[in-house]
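Under full-length UniProt numbering, the sequence shown has 57 at position 57, and the numbering climbs by one with no breaks.
Each residue gets a CB set at the ideal place from its N, CA and C atoms; glycine is no exception.
Please read all numbers here as calculations on a predicted model, not as lab measurements.
One structure is given below, encoded as C-alpha coordinates.
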Amino acid sequence: MRRQSALLVGLLAVTAGCSGLSGFGDAPRSQTVTPAPVPDPPTATRAQMDFPPGIDEDGLHRADVLATAHRQALQNRSYTFYERYRRTTETPNGTVVLARNETTRVASAKRYLHHLHRQRYLDDEPVAGYRQTTFADGRRWYERSDDGDVTETGGRIRFTQDQFAYEAAFYIEEYAAVPQSRTRVVRRDGRRFFWVTGSGGTPPSRSAVQSYRVSLLVDARGVVHRLEVHYRTETDRVTYSFRYRRFGSTGVSTPRWVDGID
1 MRRQSALLVG LLAVTAGCSG LSGFGDAPRS QTVTPAPVPD PPTATRAQMD
51 FPPGIDEDGL HRADVLATAH RQALQNRSYT FYERYRRTTE TPNGTVVLAR
101 NETTRVASAK RYLHHLHRQR YLDDEPVAGY RQTTFADGRR WYERSDDGDV
151 TETGGRIRFT QDQFAYEAAF YIEEYAAVPQ SRTRVVRRDG RRFFWVTGSG
201 GTPPSRSAVQ SYRVSLLVDA RGVVHRLEVH YRTETDRVTY SFRYRRFGST
251 GVSTPRWVDG ID
(Lines of atoms letter the chains of each structure in order from A and count residues from 1; the text may use other names and numbers.)
(Lines give C-alpha, C1' and ligand atoms only; values in the text may rest on other atoms or scores of the structure.)
Protein backbone atom coordinates (compact mmCIF):
# COMPACT_ATOMS: atom_id res chain seq x y z
CA MET A 1 0.00 0.00 0.00
CA ARG A 2 1.27 3.44 -0.76
CA ARG A 3 2.71 5.89 1.76
CA GLN A 4 -0.56 7.70 2.50
CA SER A 5 -2.32 4.38 3.10
CA ALA A 6 0.36 3.33 5.57
CA LEU A 7 0.06 6.63 7.44
CA LEU A 8 -3.69 6.23 7.76
CA VAL A 9 -3.50 2.63 8.93
CA GLY A 10 -0.87 3.57 11.51
CA LEU A 11 -2.95 6.45 12.81
CA LEU A 12 -6.18 4.51 13.05
CA ALA A 13 -4.48 1.55 14.68
CA VAL A 14 -4.06 3.60 17.85
CA THR A 15 -7.52 5.16 17.75
CA ALA A 16 -9.58 3.14 20.20
CA GLY A 17 -13.33 3.38 19.99
CA CYS A 18 -13.48 5.02 16.55
CA SER A 19 -14.85 3.30 13.49
CA GLY A 20 -11.94 4.29 11.19
CA LEU A 21 -12.18 2.05 8.11
CA SER A 22 -14.63 -0.43 9.63
CA GLY A 23 -17.93 -1.36 8.07
CA PHE A 24 -19.29 -2.58 4.81
CA GLY A 25 -17.24 -2.82 1.64
CA ASP A 26 -14.02 -1.12 0.67
CA ALA A 27 -15.17 2.42 1.47
CA PRO A 28 -16.11 4.20 4.68
CA ARG A 29 -19.01 5.27 6.44
CA SER A 30 -27.81 14.41 3.99
CA GLN A 31 -27.80 14.78 0.73
CA THR A 32 -28.43 18.30 -0.60
CA VAL A 33 -29.14 19.56 -4.06
CA THR A 34 -26.25 21.69 -5.30
CA PRO A 35 -26.16 23.79 -8.46
CA ALA A 36 -24.12 22.59 -11.41
CA PRO A 37 -20.68 24.18 -11.67
CA VAL A 38 -20.58 27.30 -13.85
CA PRO A 39 -17.56 27.62 -16.18
CA ASP A 40 -15.09 30.27 -15.10
CA PRO A 41 -14.77 33.23 -17.49
CA PRO A 42 -11.37 33.46 -19.20
CA THR A 43 -9.93 36.19 -16.95
CA ALA A 44 -6.51 34.52 -16.85
CA THR A 45 -4.57 32.37 -19.21
CA ARG A 46 -3.90 28.77 -18.27
CA ALA A 47 -0.20 29.54 -17.89
CA GLN A 48 -1.03 32.22 -15.30
CA MET A 49 -3.45 30.06 -13.35
CA ASP A 50 -2.46 28.50 -10.02
CA PHE A 51 -3.57 24.88 -10.09
CA PRO A 52 -3.94 22.78 -6.93
CA PRO A 53 -1.09 20.42 -5.99
CA GLY A 54 -1.05 17.36 -8.22
CA ILE A 55 -3.39 18.93 -10.81
CA ASP A 56 -2.73 20.83 -14.02
CA GLU A 57 -4.75 21.88 -17.05
CA ASP A 58 -4.67 18.33 -18.41
CA GLY A 59 -6.04 16.61 -15.31
CA LEU A 60 -4.97 14.99 -12.05
CA HIS A 61 -1.49 13.51 -12.33
CA ARG A 62 -0.49 12.94 -8.68
CA ALA A 63 -3.35 11.79 -6.46
CA ASP A 64 -0.89 11.24 -3.62
CA VAL A 65 0.30 14.86 -3.78
CA LEU A 66 -3.29 16.13 -3.80
CA ALA A 67 -4.16 13.84 -0.86
CA THR A 68 -1.30 15.24 1.20
CA ALA A 69 -2.25 18.84 0.36
CA HIS A 70 -5.85 18.14 1.36
CA ARG A 71 -4.85 16.64 4.71
CA GLN A 72 -2.44 19.46 5.51
CA ALA A 73 -4.96 22.17 4.57
CA LEU A 74 -7.44 20.76 7.10
CA GLN A 75 -5.04 21.16 10.02
CA ASN A 76 -6.50 23.38 12.75
CA ARG A 77 -9.75 23.88 10.81
CA SER A 78 -13.24 22.96 11.88
CA TYR A 79 -15.60 21.39 9.34
CA THR A 80 -18.52 19.03 8.78
CA PHE A 81 -17.74 15.93 6.75
CA TYR A 82 -20.37 13.73 5.04
CA GLU A 83 -19.74 10.30 3.55
CA ARG A 84 -21.99 7.87 1.69
CA TYR A 85 -21.29 4.37 0.46
CA ARG A 86 -23.59 1.97 -1.38
CA ARG A 87 -22.88 -1.43 -2.89
CA THR A 88 -25.48 -3.41 -4.83
CA THR A 89 -24.94 -7.11 -5.54
CA GLU A 90 -27.16 -9.45 -7.54
CA THR A 91 -27.28 -12.88 -5.88
CA PRO A 92 -29.32 -16.07 -6.49
CA ASN A 93 -31.40 -15.06 -3.45
CA GLY A 94 -32.12 -11.54 -4.69
CA THR A 95 -30.58 -8.08 -4.72
CA VAL A 96 -28.40 -7.30 -1.70
CA VAL A 97 -27.63 -3.67 -0.86
CA LEU A 98 -25.05 -2.59 1.71
CA ALA A 99 -25.33 1.10 2.59
CA ARG A 100 -23.44 3.37 4.93
CA ASN A 101 -24.05 7.02 5.80
CA GLU A 102 -21.76 9.04 8.06
CA THR A 103 -21.69 12.58 9.38
CA THR A 104 -18.70 13.92 11.29
CA ARG A 105 -18.47 17.31 12.95
CA VAL A 106 -14.86 18.22 13.67
CA ALA A 107 -14.10 21.16 15.95
CA SER A 108 -10.48 20.07 16.39
CA ALA A 109 -8.40 16.90 16.14
CA LYS A 110 -9.47 15.93 19.67
CA ARG A 111 -13.02 17.26 19.72
CA TYR A 112 -15.50 15.78 17.27
CA LEU A 113 -18.86 14.03 16.96
CA HIS A 114 -19.18 11.16 14.52
CA HIS A 115 -22.43 9.43 13.49
CA LEU A 116 -22.41 6.15 11.56
CA HIS A 117 -25.41 4.24 10.19
CA ARG A 118 -24.96 0.96 8.32
CA GLN A 119 -27.84 -0.92 6.74
CA ARG A 120 -28.21 -4.16 4.79
CA TYR A 121 -31.18 -4.74 2.50
CA LEU A 122 -32.45 -7.78 0.62
CA ASP A 123 -34.81 -6.86 -2.23
CA ASP A 124 -35.46 -3.46 -0.59
CA GLU A 125 -36.33 -5.01 2.78
CA PRO A 126 -34.00 -4.08 5.68
CA VAL A 127 -32.49 -7.21 7.22
CA ALA A 128 -29.69 -5.81 9.40
CA GLY A 129 -28.69 -2.44 10.77
CA TYR A 130 -26.12 -0.81 13.00
CA ARG A 131 -25.74 2.68 14.47
CA GLN A 132 -22.74 4.15 16.22
CA THR A 133 -22.01 7.56 17.68
CA THR A 134 -18.55 8.57 18.86
CA PHE A 135 -17.81 11.79 20.74
CA ALA A 136 -14.42 13.15 21.81
CA ASP A 137 -14.18 16.03 24.28
CA GLY A 138 -10.47 16.82 24.01
CA ARG A 139 -9.31 14.32 26.65
CA ARG A 140 -11.58 11.28 26.36
CA TRP A 141 -13.69 9.52 23.71
CA TYR A 142 -17.16 8.07 24.30
CA GLU A 143 -18.95 5.60 22.07
CA ARG A 144 -22.54 4.42 21.87
CA SER A 145 -23.42 1.57 19.49
CA ASP A 146 -26.77 -0.07 18.71
CA ASP A 147 -27.25 -3.29 16.74
CA GLY A 148 -30.42 -4.19 18.60
CA ASP A 149 -28.56 -4.05 21.90
CA VAL A 150 -27.12 -0.75 23.10
CA THR A 151 -23.50 -0.69 24.24
CA GLU A 152 -21.66 2.31 25.71
CA THR A 153 -17.95 2.60 26.33
CA GLY A 154 -15.15 5.15 26.52
CA GLY A 155 -11.46 5.75 27.08
CA ARG A 156 -8.61 8.24 26.93
CA ILE A 157 -7.70 9.83 23.60
CA ARG A 158 -4.38 8.49 22.36
CA PHE A 159 -3.88 10.48 19.16
CA THR A 160 -3.03 14.09 18.36
CA GLN A 161 -3.84 14.42 14.64
CA ASP A 162 -7.12 14.71 12.75
CA GLN A 163 -7.97 11.10 11.90
CA PHE A 164 -10.82 12.15 9.60
CA ALA A 165 -8.49 14.28 7.48
CA TYR A 166 -6.20 11.27 7.16
CA GLU A 167 -9.15 9.11 6.18
CA ALA A 168 -10.28 11.50 3.45
CA ALA A 169 -6.70 11.73 2.17
CA PHE A 170 -6.55 7.94 1.99
CA TYR A 171 -9.64 7.80 -0.22
CA ILE A 172 -8.47 10.65 -2.44
CA GLU A 173 -5.28 8.76 -3.14
CA GLU A 174 -7.04 5.43 -3.63
CA TYR A 175 -10.04 6.53 -5.70
CA ALA A 176 -8.64 9.45 -7.71
CA ALA A 177 -5.51 7.74 -9.08
CA VAL A 178 -6.80 7.29 -12.64
CA PRO A 179 -4.96 7.06 -15.98
CA GLN A 180 -7.32 9.43 -17.81
CA SER A 181 -8.62 12.74 -16.43
CA ARG A 182 -9.38 16.30 -17.40
CA THR A 183 -9.68 19.63 -15.57
CA ARG A 184 -12.20 22.45 -15.93
CA VAL A 185 -12.14 25.75 -14.07
CA VAL A 186 -15.51 26.57 -12.50
CA ARG A 187 -16.94 29.13 -10.07
CA ARG A 188 -18.96 28.45 -6.94
CA ASP A 189 -20.28 31.35 -4.86
CA GLY A 190 -17.81 33.65 -6.59
CA ARG A 191 -14.81 31.42 -5.86
CA ARG A 192 -12.65 29.60 -8.35
CA PHE A 193 -12.59 25.81 -8.17
CA PHE A 194 -11.16 23.03 -10.31
CA TRP A 195 -13.53 20.33 -11.52
CA VAL A 196 -11.62 17.12 -12.26
CA THR A 197 -13.23 14.12 -13.95
CA GLY A 198 -11.50 10.84 -14.64
CA SER A 199 -11.97 7.21 -15.62
CA GLY A 200 -10.20 3.87 -15.74
CA GLY A 201 -9.24 3.60 -12.07
CA THR A 202 -9.03 0.69 -9.66
CA PRO A 203 -10.98 0.55 -6.36
CA PRO A 204 -9.23 -0.07 -3.01
CA SER A 205 -10.39 -3.72 -3.18
CA ARG A 206 -8.27 -4.07 -6.36
CA SER A 207 -11.21 -5.83 -8.03
CA ALA A 208 -11.31 -5.85 -11.84
CA VAL A 209 -13.79 -3.23 -13.03
CA GLN A 210 -16.05 -3.03 -16.07
CA SER A 211 -16.49 0.73 -15.70
CA TYR A 212 -15.01 3.38 -13.41
CA ARG A 213 -15.53 7.13 -13.20
CA VAL A 214 -14.59 9.69 -10.57
CA SER A 215 -15.09 13.43 -10.09
CA LEU A 216 -13.58 15.93 -7.65
CA LEU A 217 -14.26 19.57 -6.82
CA VAL A 218 -10.98 21.10 -5.60
CA ASP A 219 -9.99 24.58 -4.48
CA ALA A 220 -6.63 26.22 -5.21
CA ARG A 221 -5.12 25.09 -1.90
CA GLY A 222 -5.86 21.46 -2.69
CA VAL A 223 -8.89 20.98 -0.45
CA VAL A 224 -11.19 18.44 -2.10
CA HIS A 225 -14.64 19.81 -1.30
CA ARG A 226 -16.38 16.91 -2.99
CA LEU A 227 -15.39 13.51 -4.33
CA GLU A 228 -17.68 10.99 -6.01
CA VAL A 229 -16.81 7.65 -7.58
CA HIS A 230 -18.94 5.08 -9.40
CA TYR A 231 -17.69 1.73 -10.56
CA ARG A 232 -18.97 -1.65 -11.63
CA THR A 233 -17.38 -5.07 -11.25
CA GLU A 234 -18.60 -8.42 -12.49
CA THR A 235 -20.84 -8.78 -9.42
CA ASP A 236 -21.23 -5.32 -7.83
CA ARG A 237 -22.27 -1.73 -8.48
CA VAL A 238 -20.57 0.65 -6.04
CA THR A 239 -20.89 4.36 -5.27
CA TYR A 240 -18.81 6.25 -2.72
CA SER A 241 -18.84 9.98 -2.09
CA PHE A 242 -17.79 12.59 0.42
CA ARG A 243 -18.36 16.31 0.74
CA TYR A 244 -17.56 19.12 3.18
CA ARG A 245 -19.61 21.94 4.68
CA ARG A 246 -19.18 24.65 7.33
CA PHE A 247 -15.42 25.14 7.14
CA GLY A 248 -14.33 27.25 10.09
CA SER A 249 -17.80 27.37 11.66
CA THR A 250 -18.47 23.85 12.95
CA GLY A 251 -18.96 23.42 16.69
CA VAL A 252 -19.47 20.24 18.71
CA SER A 253 -21.78 20.00 21.72
CA THR A 254 -21.60 17.22 24.31
CA PRO A 255 -24.35 14.58 23.78
CA ARG A 256 -26.57 13.86 26.79
CA TRP A 257 -25.84 10.12 26.73
CA VAL A 258 -22.18 10.79 27.56
CA ASP A 259 -23.07 11.47 31.21
CA GLY A 260 -22.23 8.47 33.33
CA ILE A 261 -19.85 6.73 30.90
CA ASP A 262 -16.49 5.95 32.49
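Annotation: the continuous alpha helix (DSSP H) that includes Val65 extends over Ala63 to Ala73. Ser241 is the residue among Gly260, Asp259, Ser78 and Ser241 whose C-alpha sits nearest the C-alpha of Arg87.
Cα atoms of Arg182 and Ala168: separation of roughly 21 angstroms, rounded to the nearest angstrom. Listed in chain order, the non-local C-beta contacts of Phe193 below 6 angstroms within the same chain comprise Val186, Leu217 and Asp219, local neighbours out to five positions each way being set aside. Tyr166 is a Cβ neighbour of Arg71, given a cutoff of 8 angstroms.
Shown here for Pro53: same chain residues with a beta carbon closer than 8 angstroms to its own, the five before and five after excluded, namely Arg62, Val65, Leu66, Thr68, Ala69 and Gly222 in chain order. According to the DSSP assignment, Phe194 belongs to the beta strand (DSSP E) that extends over Arg191 to Ser199. Burial of Gln163 is indicated by the presence of at least 16 other C-beta atoms within 10 angstroms of its C-beta. The alpha-carbon of Ser211 is positioned some 20 angstroms away from that of Thr95. The secondary-structure analysis by DSSP pairs Trp141 across a beta bridge with Ala136 and Gly155. Going by DSSP, Phe247 is part of no beta strand (DSSP E) at all; its letter is neither H nor E. Counting of Cβ neighbours within 10 angstroms places Thr151 among the exposed residues, the total staying below 16. Leu227 sits close to Ile172, with the two beta carbons spaced by under 8 angstroms. Around the beta carbon of Gln132, a 10 Å sphere encloses 16 or more other beta carbons of the protein chains shown; the residue is thus reported as buried. Taken through DSSP and simplified to helix, strand or coil, Phe51 comes out as coil. Leaving aside the five residues that flank Arg84 on each side, the residues in its chain whose CB is nearer than 6 angstroms to its CB run, in chain order, Asn101 and Ser241. Going by C-alpha positions, Lys110 is about 7 angstroms away from Arg139. Here the C-alpha atom of Asp189 lies approximately 38 angstroms from the C-alpha atom of Gly129. Membership of Glu173 in the alpha helix (DSSP H) is indicated by the continuous run Gln163 to Ala176. Shown here for His114: same chain residues with a beta carbon closer than 6 angstroms to its own, the five before and five after excluded, namely Thr104 and Thr134 in chain order.
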